[in-house]
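Quick note: the sequence shown uses the numbering used here, first residue 774, plus one each step. Don't be surprised by glycine CBs; every beta carbon is placed ideally from N, CA and C. Okay, so here's the structure we're looking at.
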Amino acid sequence: MRTNRNDRTDAAGAVQGHWLINVVTRQELAPPGALHFSPGDDLEACWTAAARASGISQDELAVHVATYFGLAAASLAAADPRTLRLLPERLMRRHHVFPLRENERELVVAVADPTDLSIEEDVAFSSDRRPVLEIAPPVAILEAIRSLMAPSDSIAMDVGGGTAGDVKLLEAASVEVVDAQEAEFAPVIKLTNLMLQSAVERRASDVHVESVGSEGLVRFRVDGVLHNYMRMPLPALHRVLSRIKIMGKLDIADRLHPQDGRASISVGGNVCDLRISTVPTRSAEKAVIRLLPQGTAPKLPDLGLPADQLLAIRALISNRNGIVLVTGPTGSGKTTTLYAAIRELSNGEQNIMTVEDPIEYDLPGITQVQVETKQGLTFASALRSLLRQDPDVILLGEIRDLETAEVAVQASMTGHLVLATLHTNDAPAAIQRLLDLGLDRASIAATLRGVLSQRLVRCVCPECAQPVGGAPNAGERRLAELSGADPVVRAVGCQSCTKSGYRGRVPVVEVLTMTPPLTALVSHGATLDELQRAAREAGLVTLNESALTRANAGVTTLEEIERVIGFPTMSRQSAEATAPAALAVAPPPPEASTSLAADAVRAALPAPAAAPVAAAKPLILMVDDDAVNRKVARLSLEKSAFRMEESVDGVEAVERLKREPAPDLVILDLQMPRMGGVEVLDWMRKTPATASIPVIVFTAMGADNEAELMDAGADDYIRKPLDPTRFISRIKAALRRRTY
774 MRTNRNDRTD
784 AAGAVQGHWL
794 INVVTRQELA
804 PPGALHFSPG
814 DDLEACWTAA
824 ARASGISQDE
834 LAVHVATYFG
844 LAAASLAAAD
854 PRTLRLLPER
864 LMRRHHVFPL
874 RENERELVVA
884 VADPTDLSIE
894 EDVAFSSDRR
904 PVLEIAPPVA
914 ILEAIRSLMA
924 PSDSIAMDVG
934 GGTAGDVKLL
944 EAASVEVVDA
954 QEAEFAPVIK
964 LTNLMLQSAV
974 ERRASDVHVE
984 SVGSEGLVRF
994 RVDGVLHNYM
1004 RMPLPALHRV
1014 LSRIKIMGKL
1024 DIADRLHPQD
1034 GRASISVGGN
1044 VCDLRISTVP
1054 TRSAEKAVIR
1064 LLPQGTAPKL
1074 PDLGLPADQL
1084 LAIRALISNR
1094 NGIVLVTGPT
1104 GSGKTTTLYA
1114 AIRELSNGEQ
1124 NIMTVEDPIE
1134 YDLPGITQVQ
1144 VETKQGLTFA
1154 SALRSLLRQD
1164 PDVILLGEIR
1174 DLETAEVAVQ
1184 ASMTGHLVLA
1194 TLHTNDAPAA
1204 IQRLLDLGLD
1214 RASIAATLRG
1224 VLSQRLVRCV
1234 CPECAQPVGG
1244 APNAGERRLA
1254 ELSGADPVVR
1264 AVGCQSCTKS
1274 GYRGRVPVVE
1284 VLTMTPPLTA
1294 LVSHGATLDE
1304 LQRAAREAGL
1314 VTLNESALTR
1324 ANAGVTTLEE
1334 IERVIGFPTM
1344 SRQSAEATAP
1354 AALAVAPPPP
1364 EASTSLAADA
1374 VRAALPAPAA
1384 APVAAAKPLI
1394 LMVDDDAVNR
1404 KVARLSLEKS
1414 AFRMEESVDG
1424 VEAVERLKRE
1434 PAPDLVILDL
1444 QMPRMGGVEV
1454 LDWMRKTPAT
1464 ASIPVIVFTA
1474 MGADNEAELM
1484 DAGADDYIRK
1494 PLDPTRFISR
1504 IKAALRRRTY
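See the structure below:
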């Protein structure tokens, strides 16, 4: 039974005054008349007086209050930190309410006054969920809110019920030893461990911890793409950043200079090395953590390279001297390829040594040197020292300056094979990059044996990949025209791949072998265009052509190739005229095979005479800066057999519409940062590629404004807050009208 705090009944057991008096009397916690409240007493004072009169604690009183109203007693310690984003702090303090847990329809909150009907209204309005009440003392609720913002305990509730007990920091013994009990219960350490554990479990390569506006944001890079993981208040962010710096043995008092450090953790018994980098920003520091799971480096056959390219790479590393370069941007797998190469060379008969920053894998039987710039151990100085160690093969982590390049040339000229990385866009450009560093043409021509350029492309998820068949959408037709290749498979998205449509990555490479004609061109001052033309005439398979071979085999998509590599400007006819014969693609590496199952994808592709493939689920683009609205929309759409992509503002939406396949329908919020919904709608209607896409406006405005929006080109509108049933009905109606 729910009564209002000001209700009064008659003398036959009636309550005259505060509802807590009725609870204490009816539960026989104190005799009638033992408890009196003054009209001006606040809720905390009332609870304190009721507990004192009953001779029990406030937590025990909360159990009696919950029993009286037929509710549950709240456990504030088990709060899910993700629910904190749903309620503003002002509302929590005003109503003595604290969020505990949520699902797609309900938000469970702890309250101290279950008779205050305005709590339910305000919570429902702010969270867009039906509130479910549990009881907690007001002092405990305010303490939980205070701990959220207090400097020393700002993230206690962010940790919530998450478990991160499997994460252990591995470090050498020192004077400062953290007590095991302290490490287990300290909320800052627990939240940081939970974050790192989740990153390892999701196969993240990097963790980004940064401030965004008035809150902190943690993002994971998975398969080369950043995904949001969690948000937290700024005080919590500062404490997590300090914990990360302590782990990396950095100076936590220095917030004005970039710092680099390293640490090792054990997650579920598996060791993972951390490379930590911090930089100062306007509102807070930013930390990026590179995750390097310890294990055995792959061998060349494990990389899943095409057979012809695998043979070419083996021929390059079989040289007894000279320089072999691997090029590509950061995160393209250059070091992994070099590790695979030296593992193949490591037969116990050669002295193989490396200079790295960082050392990503521990390789048995190979001497590895870690660059320590602060101690004066640079790539160049370490390489000079290695030359006195009688090496046969030297792996050089990166050639980044003239001094290192000159020492590498000297080493290769004195009977050593040098394997190194370099940052260039393609293989022929490596020659120009060496010239830019200051090497002379004669040295390059005499020592360079070959260049491998590579990228990593995501593999389609075998659980949700769909054959395109004979019905490509507008975006796929555009990519087919750009690439000169027909789309084979479409990435959709499911739980297995966290809605991305992709899982795992494979390398796409081009291998340039320095033939005598190419060497002569370098010596005689050929331009980059002349070198590229000569390499093509010698049979060089470019990155684009290698990537298209992957797409034709159903391993990846044209969309992914455009994202990672891009397409040169050429028509389908010119592409077909210049493309070399298709390469024989080797099976993906074991790691990718488990998540790719390319054979299963290819088996699902229709034969030329097969019946038309069933149409894909309609794709809805939701453009809204409110994360709660996007989440509610996604749950509703996916339950109703729709796919959904999302953009956080108008600028991101326009960029997505320019480069990716057109959605079947767009939902636009009006009030967004950078570019509002009206501007996006105007751009769509003036752009031929998007002019016919149905647009539903998500608005809280009145009818006059809605009429203006319809005149501006909107097909329909949906009022806030979002009602799932009405939402889906309007979308289906708009899509039906599109087919008429």
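**Study point:** Best match in S811, D814, D832 and V838 for proximity to T798 [C-alpha to C-alpha]
**Key:** V838
Exercise for review: Give me whichever residues DSSP pairs with V1282 in a beta bridge.
Suggested key: Q1227
Check your understanding: D895 and L1495: beta carbons closer than 9 angstroms?
Key -> no
Review point. Using the rule of at least 16 other Cβ atoms within 10 Å of the residue's Cβ for burial, across every protein chain shown, is T1498 buried or exposed?
Key: exposed
Review point. For T1146, is the classification buried or exposed, using 16 other Cβ atoms within 10 angstroms of its Cβ as the cut-off for buried?
Key: exposed
Check your understanding: Going by beta carbon distance, what residues of the same chain come within less than 7 angstroms of E817, once the five residues before and after it are set aside?
Key -> P911 and V912
Point to revise | E1349 to G1257 span [Cα, whole Å] | key: Bear in mind that the predicted position of E1349 carries a pLDDT of just 45, short of 50, making it too unreliable to give a figure here.
Practice item. Starting from I1466, follow the beta strand (DSSP E) in both directions and report where the run begins and ends. Key: Note, I1466: premise wrong, no beta strand (DSSP E); not H, not E.
**Study point:** Y1134 in three-state terms, based on DSSP
**Key:** coil
Practice item. Mark A945 as exposed unless 16 or more other C-beta atoms lie within 10 angstroms of its C-beta, in which case mark it buried. Key: Confidence in A945 is poor, its pLDDT being 44 and thus under 50, which makes the residue's placement too unreliable to answer from.
**Study point:** Opposing strand residues paired with I1491 [DSSP bridges]
**Key:** F1471
Review point. Below 9 angstroms between beta carbons: does that hold for V870 and A851?
Key: no
Review point. Does the region 1274 to 1282 touch the region 1318 to 1335, meaning 3 or more C-beta pairs lie closer than 8 angstroms?
Key: yes
Exercise for review: Would you identify the three-state DSSP class for N966, choosing helix, strand or coil?
Suggested key: helix
Practice item. Rank T1100, L1285, Q1148 and A1219 by C-alpha distance to the C-alpha of L1195 and give the top, closest one. Key: T1100
Exercise for review: Return the chain-ordered list of same chain residues with a C-beta closer than 8 angstroms to the C-beta of L1210, the five sequence neighbours on each side being excluded.
Suggested key: I1172, D1174, L1175 and A1178
Review point. Measuring CB to CB, does P1240 end up less than 9 angstroms from R1206?
Key: no
Check your understanding: How many angstroms separate the CA atom of G1223 from the CA atom of E983?
Key -> 40 angstroms
Practice item. Tell me whether L1111 is buried or exposed, calling it buried when 16 or more other Cβ atoms sit within 10 Å of its Cβ. Key: buried
Practice item. Determine, using beta carbons only, whether D889 comes closer than 9 angstroms to chain B. Key: Among the chains of the structure shown, chain B does not appear; only one protein chain is present.
Exercise for review: Please work out which residues of its chain come closer than 7 angstroms, Cβ to Cβ, to E1425, disregarding the five sequence neighbours upstream and downstream, and give them in chain order.
Suggested key: none
Point to revise | Option in T1108, K1459, A1507 and K1022 with minimal Cα separation from I1440 | key: A1507
Check your understanding: Does the beta carbon of I794 fall short of 8 angstroms from some heavy atom of the ligand GTP?
Key -> The ligand GTP is not among the ligands present in this structure, which contains no ligands whatsoever.
Point to revise | For M1126: DSSP bridge partner residues | key: T1140 and I1167
Review point. What first and last residue would you give for the beta strand (DSSP E) that runs through H1011?
Key: Unbroken run through H1011 is the alpha helix (DSSP H), L1007 to M1020; no beta strand (DSSP E).
**Study point:** Backbone CA spacing between F1500 and S1465 [nearest angstrom]
**Key:** 21 angstroms
Review point. I think T888 touches P872, with their Cβ atoms under 8 angstroms apart; what is that distance to the nearest whole Å?
Key: Going by Cβ atoms, the distance from T888 to P872 rounds to 20 angstroms, so no, they are not a contact pair.
Exercise for review: Identify whether E1335 lies in helix, strand or coil by the three-state DSSP scheme.
Suggested key: helix
Exercise for review: Classify P804 as buried or exposed, calling it buried when 16 or more other Cβ atoms lie within 10 Å of its own Cβ.
Suggested key: exposed
Review point. According to the Cβ coordinates, are A734 and T1292 closer than 9 angstroms?
Key: Nothing about residue 734 can be read from this structure; the chain reaches only from 774 to 1513.
Check your understanding: Would you say the region 1065 to 1080 touches the region 1041 to 1054, given that touching needs at least three Cβ pairs under 8 angstroms?
Key -> yes
Exercise for review: Classify L1454 as helix, strand or coil using the three-state DSSP reduction.
Suggested key: helix
Practice item. Under 7 angstroms Cβ to Cβ from V1180, same chain only, skipping five residues before and after it: list those, please. Key: A1153, L1156 and R1157
Review point. Mapping DSSP to helix, strand and coil, what is Q1205?
Key: helix
Exercise for review: Identify, in the order they occur along the chain, each residue of the same chain with its Cβ nearer than 6 angstroms to the Cβ of D832, setting aside the five sequence neighbours on each side.
Suggested key: none
Exercise for review: Specify the secondary structure class of N1092 as computed by DSSP and reduced to three states.
Suggested key: coil
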